[in-house]
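Asks: Chains as they are written, first to last, in the working numbering: chain A, 14 to 321; chain B, 979 to 1461; chain C, 964 to 1310; chain D, 2 to 370; chain E, -7 to 329.
Cβ atoms here follow ideal geometry from the backbone N, Cα and C, with glycine treated the same way.
Remember, predicted model here, so these are calculated numbers, not experimental data.
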Amino acid sequence: MLTYLRRRILSSAIPLLVVVLGVFFLARLTGDPANLYLPLSATQKMREAFSAQHGFDDPLLVQFGDYLAQLAHLDFGESLRTAQPAAEAVLRAFPATLQLAGVTLLLAVAGAVVVGSLAAYRPNSPADRIASFLSSTAASTPDFWFAIMGVLVFAVTLDWLPTSGTVGSAAWVLPVATLLIRPFGVLVQVVRGAMVTALSEPYIKVARSKGAGERRVIFKHALRNAGAPTLTVAGDLAVGLINGAVVVETIFGWPGIGKLMIDSILQRDFAVLQAAVLLTALTIFALNLLIDVCYVLLDPRVRQGAMA
Amino acid sequence: GAAADAGTVQIVLPEEPPTLEPCDASLTATGRVVRSNITEPLAERVPETGELEPKLATGWKRTSPTTWRFTLRKGVTFHDGTAFTAKDAAFSIDRTLDSGIECNVDGYVFGDSRITASAVDATTVEVTSKEPDPILPLRLSFVEMVPTSTDADSRVREPVGTGPYRIEKWNQGINLRLAQYGSYWGKAPDYKTALYTWRAEGSVRAAMVSSGEADVAVGLAPADGAGDHAVEYPNNETSYLRMDADKPPLDDIRVRKAINYAIDKKGLVASVFAGLGKPAGQLVPDGVTGYNPDIKSWPHDMKRAKSLIAAARADGVPVDTKITIIGRNGIYPKAAETMEVVQNELREAGLDVKVKMLDVNAWTEYLLRPFPKDAGPTLLQAQHGNQAGDAAFTMEQIYGSKGAQSSYGTPGLDRRIQRAEHAAGRERQARFAEALAYQSKKVVRDAVLAHMKSIIALAPDVSYKPDSASGDEMHLAEIHPAG
Amino acid sequence: MSTHEKEAGATGRAGLLRLLAADRMATAACAVLLLVGLCAVLGPPLLGDLAREQNLRAVKLRPFSTGEGWEFVLGSDSLGRSVLARLVVAAGTTLSVAVPAVVLSLLIGSVWGMWAGFHRGWRENVSMRIADVILSFPSLLLAVVVLYVFDPSIANLVAVLAIARIPVYLRTARAESAELRGRLFADAARTFGSGNWAIVRRHVAPIVLPTLLTVAAVDFCFVMLTESSLSFLGIGIQPPDVSWGLMVAQGRAELRNAWWTVVFPGLAIIVTTVAMTVLANWARIAGDPAQRWRLTTPKRGRTPRGRGSVPDSAAPPPGRPQPQQTGSRERTAKGTSHGEAPRQEQP
Amino acid sequence: MPDTADTAGTAQTAGTADTVGTADRAGTATGGPLLQARGLTKTFRVPRSASGSTRLHALDGVDLTVRRGETLGLVGESGCGKSTLARVLLMLERPDAGTLRYDGVDPFALRGRSLLAWRRRVQMVFQDPFASLNPRMSAGELIAEPWRSHPDLVPRAERERRVHELLEKVGLRAADARRHPQEFSGGQRQRIGIARALALDPEVIVCDEPVSALDLSVQAQVLNVLTELQAELGVAYVFISHDLPVVRHMADRVAVMYLGRVVESGPAEEVFTAPRHPYTASLLSAAPRPPTAQDDGPSRRIVLFGEVPSPTDPPSGCRFRTRCWKAEQVCATAVPADEPAPDGPQHLAACHLPIQPSDRGGSRAAAHE
Amino acid sequence: MNGQATPGTAAGNGTALEVRDLSVELSTPQGPVRVVRDVGFEVRSGQTLALLGESGCGKSMTAQAVAGLLDPVAEVTDGQVRLQGRDILRLRRSDRRSLAGPELAMVFQDALTALNPVYTVGSQLAEPFRIHERASRRAAKEKAVELMERVGIPEPRLRAKAFPHQFSGGMRQRLLIAMAVALRPSVLLADEPTTALDVTVQAQIMELLAELRRETRMALVLITHDLAVVAEQADQVAVMYSGTIVESGPVAEVFAAPRHPYTRGLLDSVPAGHPRGSVLPSIQGSPPRPAAVPAGCAFRARCPLARDRCATDEPPLTDTGPGRASACHYWKELADA
Ligand SMILES: Nc1ncnc2c1ncn2[C@@H]1O[C@H](COP(=O)(O)OP(=O)(O)OP(=O)(O)O)[C@@H](O)[C@H]1O
Ligand SMILES: Nc1ncnc2c1ncn2[C@@H]1O[C@H](COP(=O)(O)OP(=O)(O)OP(=O)(O)O)[C@@H](O)[C@H]1O
Ligand SMILES: [Mg+2]
Ligand SMILES: [Mg+2]
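(1) Can you tell me which of the three DSSP states LEU81/E falls into?
(2) Considering ASP1099/B, what are the terminal residues of the alpha helix (DSSP H) in which it resides?
(3) Skipping 5 residues on each side, what residues in its chain have a beta carbon closer than 6 Å to that of TYR50/A?
(4) What separation, rounded to the nearest whole angstrom, lies between the Cα atoms of PRO1115/C and ASN1015/B?
(5) DSSP three-state label for GLY113/D, please.
(6) So if DSSP puts SER1107/B in a beta bridge, which residue, or which two residues, is it bridged to?
(7) Going by the CB atoms, is the gap between PRO52/A and ASP1095/C shorter than 8 Å?
(8) Helix or strand or just coil, what does DSSP make of CYS993/C?
(9) Give the list of continuous beta strand (DSSP E) stretches no shorter than 3 residues that lie fully inside the region 1140 to 1179 of chain B.
(10) Using beta-carbon positions only, say whether MET210/E and LEU180/E come within less than 8 Å of one another.
(11) Contact criterion: CB-CB distance below 8 Å. Does LEU192/A meet it with respect to chain E?
(12) Find the nearest neighbour of PRO268/A within the set LEU187/A, GLY178/A, ALA40/A, judged by alpha-carbon distance.
(13) What in chain A is Cβ-close to LEU1218/C, meaning under 8 Å?
(14) For a test of the three-state rule: what should DSSP assign to PRO1101/C, helix, strand or coil?
(15) Answer yes if the region 1156 to 1176 of chain C comes into contact with the region 1038 to 1054 of chain C, meaning at least three C-beta pairs across the two stretches below 8 Å, and no otherwise.
(16) Could you pull out every residue in the same chain whose Cβ sits closer than 7 Å to the Cβ of VAL67/D, ignoring the five residues on either side in sequence?
(17) Report yes or no: is there a C-beta of chain C within less than 8 Å of the C-beta of ALA284/A?
(18) Alpha carbon to alpha carbon, what distance is there between ILE1241/B and VAL1320/B?
(19) Is it the case that the CB of GLN128/D approaches a heavy atom of ligand 6 more closely than 7 Å?
(20) Is it right to say ILE1273/B is buried, meaning 16 or more other beta carbons lie within 10 angstroms of its own, or is it exposed?
(21) Please list, in chain order, all residues of the same chain as SER150/D whose beta carbon is under 8 Å from its beta carbon, the five residues on each side excluded.
(22) Using a Cβ cut-off of 8 Å, pull out every chain E residue sitting near LEU311/A, in sequence order please.
(23) Do ALA298/E and ARG251/E have their CB atoms nearer than 8 Å?
(24) So VAL1054/B and THR176/A are supposed to be a Cβ contact under 8 Å. How far apart are they, rounded?
(25) List, in order along the chain, the chain A residues whose C-beta lies closer than 8 Å to that of TYR1111/C?
(26) Are there any heavy atoms of ligand 1 lying less than 7 Å away from the beta-carbon of SER54/D, as far as the coordinates show?
(27) Give the interface partners of ALA239/A over in chain E, defined as CB-CB distance under 8 Å, in chain order.
(28) For SER37/E and VAL137/E, what's the separation of their Cα atoms in angstroms?
(29) Cβ of PRO1459/B within 8 Å of Cβ of ASP1206/B?
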């Protein structure tokens, strides 16, 4: 197991470098940030001074070398926009995203497990058909619709919830609900499919023959076997959430990494972009690793393969 | 809203200020929080009258064509307790205009002009410019005063100023709280504290006022649904289409005129802008030095437009060349729709027009010199705001043949602008007005659309009268509890 | 004899149609997609002008109000254009972006994934890491790069969208093919001397693709919405062309006062996606002879009781796949299918 | 194409039960064995076991000879390596050591066209008729599949007719070509597998437990098909099964495997009536008596104790010694060599203490408790 | 099969399980299909009844119907299942569940998939004790280890922590049996417990079952299609064909002189006893699909004795002698032959 982990971590180093390299060079293909950071009437001299100050006048390779050297000292550069260390901005935004993503994922998985399991319990029953239909609708609902309607209904008309913001637990409801809807829809379908499979396996009958109650049968015997596909898809969804929930962050003023990343792309704030991508890439790689470890914990058969 | 009772006014902005650095105060996002709330300039322009009113300077005098002398207010202290002196003033001016920190204001109001400041005595500052500058005090009204203890080599995020409010806590990403400065030299404002939050979505900002989460919401569009809370105000901005007048077929003035006739500005304002604006014929609105009340919005006259184009065609002007409208998403509400309307009308007039909507940075490439090559004839969707209230901040840049944002100019226009810039007082007004009239009759480089308005939403328990500067600076002192 | 002849015929085209007709949901889905396709093809030539025709004096007409003419049954937008006409015309643009994007990513991702999974070893590892790289790379950056380096065009938009979605298919296809390569029928094909690609084509692809199809169906919605957000950067759809995504995004501000300009295109996206999902699920079942029976609705009195020698044998219980031990750390084949994956006992 | 027909022709003349029965061990009757394996060894990498070994010895020096037209039965308990051997014979696995000669040629050395040509000559019927037929393909497609890799063998226009022919040959109907595997019973599927193996006119068919998934009446049908085909086409079979009566019914010669090794081999009758290796004896005795069987084997059951040792840690010396009631010191130290039986030179057993005809009765008693 | 011939002697005489007129219907796209038709049998404590029949004839369905473990698609439409005289089909779900394990247990056909792959075998073996005896985790584990020892798994304490895939097929089957007999049920239904296994392991398992039966006087219903196993293990045999019982009686008698052509055909197709390489007699054709069982005798299409009457009258299962019954119009011809 340990060797496996070590190998996986090592094999992730190169792709990580590729990401850093790619972001660095591609970002610099997207035009001169001076346009954005200098006043429209800025003189050529001011532009040159700007380039010199931020090192944009060096050849790209030199810039990249400098960047790597900085990285080695854990210096991620300075934001053009806020003149703050990029790492600071990214580290501030990231927990907000992680919290939101974590809560959302937890709820989506828990909800999908319950709904999907119940739907799978009697395949093709009316309840199942309704669940399937609603979940595929949920999976294809434009999220900002949901968000804005949520604000109008629950904050303005009913005044039950705050419109936005991060203060207080009530403020979580709408962002989480918005973020939840698509993953939930997708996951319900996955859980349902996996549970239909698991519930038709012979060991389910064996459990019943031992006198196990239905709850035990569904949630102990079948569910864990339906875990792998659920985990895979949840992992893919989590990657999306880590990359940021731009719509939610924009509408609800949630200070997360998604909006930060988009803003830094649009604002050509290279240092912040690079730091943000590096951090999210690291997280995504770690997440993938975690998922692989979860497979192992979930299914002992995998354990054998993993350690071989 | 429960907010005002606690002595707090809650303001929701479209975006978080990237920094509160006073020398970046010409950035809207920064300026509307900082200016005259946290820091103050020597003098301040009154939007209604266009006059300069004393702030940290009690008076100023032109002592020579290139020198101005400012007398400073006594008894002013910074938030850190130190007294405001001429040294601070000179330092602030130097820091803004002559340091390595690339101040936004520097480029914005001063351009190439080189200025030095020195303290004559504790309450007198002398400012010298290389060239004679009749509006130097106006320019200096954009320089916020900071103590000498401020870092001169790099930007500060949270400045110390002399304003009625000091920064209490900035939870980055979440909110910014200002608290009254107890030893403020002037009249204490009504609210003890001000809490800024930011939401990018207009409808959410409007909803926050409706639901009582905010007292003031800034930068709304009609569709955002502020309803009864909405207060409209002219925001100093003018929307226009810039033409590539040196590329055929736009190099023919008939075509340019036709474009102006073809666009139904009234209809546009009434429907697309939902009444939020005023059809315009020149780039500066009323109140700006140089505004020419005689220039009227071009009438909508499709017949004339068609005949002008026919005439041009008859003379061999390649009117069938594809013209590209370079639009910028979000430049004002319904930017894309506006361009669709324009496109539709120009097509009807007989031109071949396509629309390309870009993001800010890509659009900026077209806005600023050097322009992208191979772009073909373009119409650029643009908007101009003259915060400073003087046409000088408009003309050179936009209409001068070398202006950074200028696609085309004529020697005649250049001459008129030059002359206006060196004039002062009434003469200045007249000369700029003349230059504008010349542009609109003889050059016709633009199709000016409208003087724009904006919407601010106010909760019932606050009162505030927005003025044309409210988009760029919002004085907390002018916000009062209602009733 | 004849009964089973009939059933055997179910593989034919007519049989498929009959199967389709038997499933009401799938029939409805098919009708929806046909309608969308028809709109896409006929919409621009028939309603193109109507969709562009502005009337600044009749903006934001409410839907279902009578007396404005048929073209305004769904109301008009803020430029007074017929929402209905725009909706119809937008179908073409939408499909011309979303379909190539989804199909491209599906094709590239699945072929690559099948190849990687089939060969295992370093090819698989490298492919998975590449997928990780793409996944952790902000696709918006790619879009901005395209905007700056290349000409903004629909083709580039499609490329950006396709690249960003490749990993999804890559991962699923790899997992499935890694599992399938060990199946006995793949071995059997080897004993005839079939090459690797032949095995992938004949034995892996037909099983992997249906699963990927269901993923693609849901992805369709994702691509449509992403497309609209990218048009704001200036790559892709530009006015007066219009796509559903663009309508939804532009109308987003109007949700409070002209809901119909947003809700109808949004519904179009949802309905199309749901229809695709339903149809993909149907196709998966219909394409699998072992599942096909599920689609035939009960028809009373069809059982030919009393007929002499009915040669059809009782279908024996299905072979139960043995737990896969080798390489099982890979995600389960069914894992990434976004739909149901029933592998039930059946007659 | 003509080349295959030729070999099939030769096989036909040689392939009767009688000739094989008397032919000597080297197979000189027809100028050399069709298939000869020497010392085949195959290990798999597996997760570390209790003893720390990571190699599973699936095959450990297996010798095997198959002559034209004969049936070689291969028996042994689950996991002893029968399927692995079959896969090696079909080049689905590459052995770690040992040689395989097919008509004197090493197939592993073949490439390209010659490899493809070789593929035609050896075919396999898989153990699991459920998993070895792609559920998405119809019976016709399945049977025609080999021709897609060998397009020259049967012209495209001929294929449908030929599929029908093959279907009928294995006792199915031409109309069945359009049905899918899951519409067939297990026995019918196995017949599809056989038809597919026949599609390339092979000389040898390796049948890996072709009937173990079937019930009695179907089993009889499949066995009949196989016998008929041999008589008709002269193919040779490697017939793998753990069902002794079935092997006994089918095989000319048998080889008994235990933990990756062949422990006993020889003419079927000799091995079944006079087993020399204790494992063979226990295997024979463990099989339940069929209700109609004549009483010709040991009547009392030898129940072996203990589990089959793990192939990752096989016992030293004789692999069977841990469960053998006759085991002595020598069994743990020396690997027993093949010894011919006194009464039959082709009947070989790898045992230090082979069962003598005289001590059969006594050993049973000893074994039982 | 005494019960069949002389009903009434049931309970007192140690009849552990009695099944009467059991019918099971499957709902299929083509409508309901009866896959088990009026099946009846009886087993006494300590005895073994073999249920014989070819693949798909409804053996597993019957057993699962008895155990109450049918798939949702299947449903018992008729009949009684008396366990120690109590009709368990009429019980409430929870009552029925409390019988599953201590009274009635089942060993499933497919040992490879009948154990939950994600839990240790120890915890799965402990489950009956946890459910029915509310034993503590520790105590249940302890009992599980004892059970493993009982069914001959070496080093049980260590192996209890292992997962199913780490066991060979034979061991898994033993674990399943251990799980079934954990609470010493009075009736055990064993559905092809050895089909997947090879002879040496099969012998071990059969030995184990026989031992348990002797020790606890458990009644065993052994489902199989292996005639040899039946001959060795069972006291009574019931032969099923196409969802119904076509012949029943004491094993030795039935095998010696079958009274149904299907039984006869089965016995004939055993390879042993036929010369090597000879053509084996086999029953031509294949059984009808459950959805399309023809009227009259289901076996008629494959039957050498079939006549016109067989196409119209379905032969009932009738007594053909003490403890024997056959469902053939012409059984006498076979008996006489
Ligand atoms: N690919 C593989 N990787 C690891 N071990 C393997 C592999 N294939 C087979 N084995 C192991 O090799 C040994 C021999 O397996 P094989 O399938 O040849 O046995 P068999 O005699 O055919 O058994 P059965 O009668 O159950 O089919 C077994 O212990 C098996 O677990
Ligand atoms: N879930 C199901 N859905 C539909 N039909 C089924 C289902 N389970 C079983 N059948 C059918 O019901 C009939 C009886 O099946 P059953 O499993 O009882 O047969 P069996 O006698 O146990 O066969 P085997 O010896 O193969 O186990 C078969 O024709 C089978 O195809
Ligand atoms: Mg095998
Ligand atoms: Mg069964």
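Replies: Put simply:
(1) helix
(2) From DSSP, ASP1099/B is part of no alpha helix (DSSP H) but of the beta strand (DSSP E) over 1093 to 1099.
(3) LEU93
(4) 44 Å
(5) helix
(6) ILE1093/B
(7) no
(8) helix
(9) 1143 to 1149, 1153 to 1158, 1171 to 1176
(10) yes
(11) no
(12) GLY178/A
(13) TRP158, ILE161, MET162, LEU165
(14) coil
(15) no
(16) PRO34, LEU35, LEU36, LEU73, VAL205, ALA237, VAL239
(17) no
(18) 6 Å
(19) Annotation note on ligand 6: not contained in the displayed structure, which lists ligand 1, ligand 2, ligand 3 and ligand 4 as its ligands.
(20) buried
(21) LEU117, ARG120
(22) VAL110
(23) no
(24) Not a contact, Cβ separation roughly 40 Å.
(25) LEU42, THR43, GLY44
(26) no
(27) The contacting residues do not exist; ALA239/A stays about 10 Å from chain E at best.
(28) 27 Å
(29) no
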